[in-house]
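One structure is given below, encoded as structure tokens.
Chains as they are written, first to last, in our numbering: chain A, 143 to 443; chain B, 143 to 443.
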């Protein structure tokens, strides 16, 4: 079968063996759903994996923002708790060229302790792909860094709940569109020492809105070089995120998965908090697509 | 004398009687220092208050970002604690047309409990203008809302220290440059009920980076109208700021001064936290300029 992780800004397609082995991959960084116009999803799918379909693949399983209101077909959010079988049973049929079958995995909806809703699209499939590796039968916490970082609580092999932190998007917006931009060289290479200073600052009192101004003030007084400011700022935000997640009661070890460089930053920050963590396969989405696809019978397609 | 609060984005000029009474005022919203090119400060000053100078005023006192590196003449930051006499003694001469004398009040530098620097330019003059009203001989906490909100600790009639929160600028950057913009009508009128919901949310655990995503998720699930999102978001940020300030140990009552609509929001949020507060004269800068100018002898000019 073919599995596709189709998000806001990119499309990642996998040709999958029945045992989940990735036999081929196509990545189209510019074919995220925001780049696809009305009526453009079927052509984009043909363009991305037409060669594999011509070679005999007849089933395509999608996950990610492609199932949102801005996507191809809207798949209603499935409420938590939800696991592999629940997700497979809730997949949605997408009209496409006969005899090829296309289905879509829904996103998940949860509520945090304050009753405020939480949504994800795509990460549920990554989590399914990681369940074996994390011994998901027991309670476990996963952290999936990204533009919107997800902290996911797994219990009994199902996703029990999750919390989203807008850390990546806040970093991008504030480093480009506030006074911080004046004393921050966004193109500078990472400085681990400055990152660690930012993490340490996040442990102090005063709050994030106050600590942000410190990035500017340290630059003004010459105590933080422009070239180190982006690393310090990254450590400050990730440190605040981790401090808040710990306060909300996540249970270590933290299972990390995602883009390598970003996961390395979270691992470094967790270590600074003294929190044990494990880094997992960045291809979790491919494995989750294979597992959910494997749980569908022929008649379900 | 003439007093001018000359900030990043606007210029506010006051013609002051010896007792501090405001006899005239000019406001040039478009003549902040960011709008003034090299060599443009003296002409801008003549344009703003040339009529009062022609009418016999010979002394001009400036405060605000006009004393920064991007301003007219850079006045080094004065370290805290500092009061009226310290500020008057540290004013800096600015070259201008004889026989008119122009001087500039320096900004202040402090360090927070974590050793990180804090800077202000202009607010020190507002605080001096409020000292009588707040009984500044005792310990007191002032909160001056704005793009960069200042929480100022006064003791023994001097500014002992302060903390800056980037709340206003964070609101502007995140509401325009993140996914929050999609479900937020920034032009909608204020909704006090939505503001209160945001303040209440800030008291819950989870952290600001997590609560930000809730603004988006509440919109997606139809639990927060687009027209109410900006008010909710404002309450969320101001609530986080107040919670952090309280945790850092500010002592009530909180003395508020600044733009009326914004001060009203802070007053409402403080009330939701059960913190007593008092609202003061928004013309505090004019009074501070008069007091500091009055402390200068003729030979000092």
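Each residue gets a CB set at the ideal place from its N, CA and C atoms; glycine is no exception.
Residue-chain proximity (residue i, chain B), Cβ-Cβ < 8 Å
| i | result |
| --- | --- |
| residue 308 of chain A | yes |
| residue 312 of chain A | yes |
Contact set between residue i and chain A, taken where Cβ atoms lie within less than 7 Å
| i | result |
| --- | --- |
| residue 305 of chain B | 348, 352 |
| residue 386 of chain B | 348, 349, 351, 352 |
Within chain A, partners of residue i - CB distance below 9 Å
| i | result |
| --- | --- |
| residue 343 of chain B | 256, 258 |
Residue-level contact to chain A via CB, residue i, 8 Å cutoff
| i | result |
| --- | --- |
| residue 356 of chain B | yes |
| residue 320 of chain B | yes |
| residue 180 of chain B | no |
| residue 315 of chain B | yes |
| residue 404 of chain B | no |
Opening and closing residue of the beta strand (DSSP E) in which residue i lies
| i | result |
| --- | --- |
| residue 306 of chain A | 300 to 307 |
| residue 234 of chain A | 234 to 236 |
| residue 282 of chain B | 282 to 286 |
| residue 443 of chain A | Looking at the DSSP string, residue 443 of chain A is not in any beta strand (DSSP E), and its letter there is neither H nor E. |
| residue 158 of chain A | 153 to 158 |
| residue 166 of chain B | 164 to 170 |
| residue 261 of chain B | 259 to 262 |
| residue 214 of chain A | It is not in any beta strand (DSSP E) - residue 214 of chain A carries neither H nor E in the DSSP assignment. |
| residue 396 of chain B | 396 to 398 |
| residue 421 of chain A | 419 to 421 |
| residue 388 of chain B | Looking at the DSSP string, residue 388 of chain B is not in any beta strand (DSSP E); the run it does join, the alpha helix (DSSP H), is 368 to 389. |
Environment of residue i [buried if 16+ CB atoms lie within 10 Å]
| i | result |
| --- | --- |
| residue 292 of chain B | buried |
| residue 308 of chain A | buried |
| residue 306 of chain B | buried |
| residue 180 of chain B | exposed |
| residue 371 of chain A | buried |
| residue 151 of chain A | exposed |
| residue 263 of chain B | buried |
| residue 277 of chain B | exposed |
| residue 329 of chain B | exposed |
| residue 334 of chain B | exposed |
| residue 147 of chain A | buried |
| residue 423 of chain B | exposed |
| residue 162 of chain B | buried |
| residue 167 of chain A | exposed |
| residue 260 of chain A | buried |
| residue 241 of chain A | exposed |
| residue 344 of chain A | buried |
| residue 237 of chain B | exposed |
Within chain B, partners of residue i - CB distance below 8 Å
| i | result |
| --- | --- |
| residue 382 of chain A | 349, 350, 351 |
7 Å Cβ cut-off: residues of chain B touching residue i
| i | result |
| --- | --- |
| residue 290 of chain A | 355 |
Opening and closing residue of the alpha helix (DSSP H) in which residue i lies
| i | result |
| --- | --- |
| residue 246 of chain B | Not the alpha helix (DSSP H): residue 246 of chain B falls in the beta strand (DSSP E), residues 243 to 246. |
| residue 229 of chain B | 226 to 231 |
| residue 147 of chain A | Looking at the DSSP string, residue 147 of chain A is not in any alpha helix (DSSP H); the run it does join, the beta strand (DSSP E), is 144 to 148. |
| residue 186 of chain A | 183 to 196 |
| residue 405 of chain A | 402 to 414 |
| residue 362 of chain A | 350 to 362 |
| residue 431 of chain A | 426 to 436 |
Proximal residues of chain A, C-beta to C-beta of residue i below 8 Å
| i | result |
| --- | --- |
| residue 379 of chain B | 351 |
Cutoff 8 Å: residue i Cβ touching any chain C Cβ
| i | result |
| --- | --- |
| residue 304 of chain B | In the displayed structure, chain C is absent; the protein chains listed are A and B. |
At a Cβ cut of 8 Å, what residues of the region 254 to 273 of chain A count as close to chain B, listed as they run along the chain?
254, 255, 256, 258, 259, 260, 261
By the 8 Å beta-carbon criterion, what residues does the region 359 to 371 of chain A contribute toward chain B?
359, 360, 362, 363, 365
Give the residues from the region 388 to 401 of chain A that approach chain B closer than 7 Å (Cβ to any Cβ), ordered along the chain.
389, 390
The region 205 to 235 of chain B: which residues have C-beta closer than 7 Å to a C-beta of chain A, in chain order?
none
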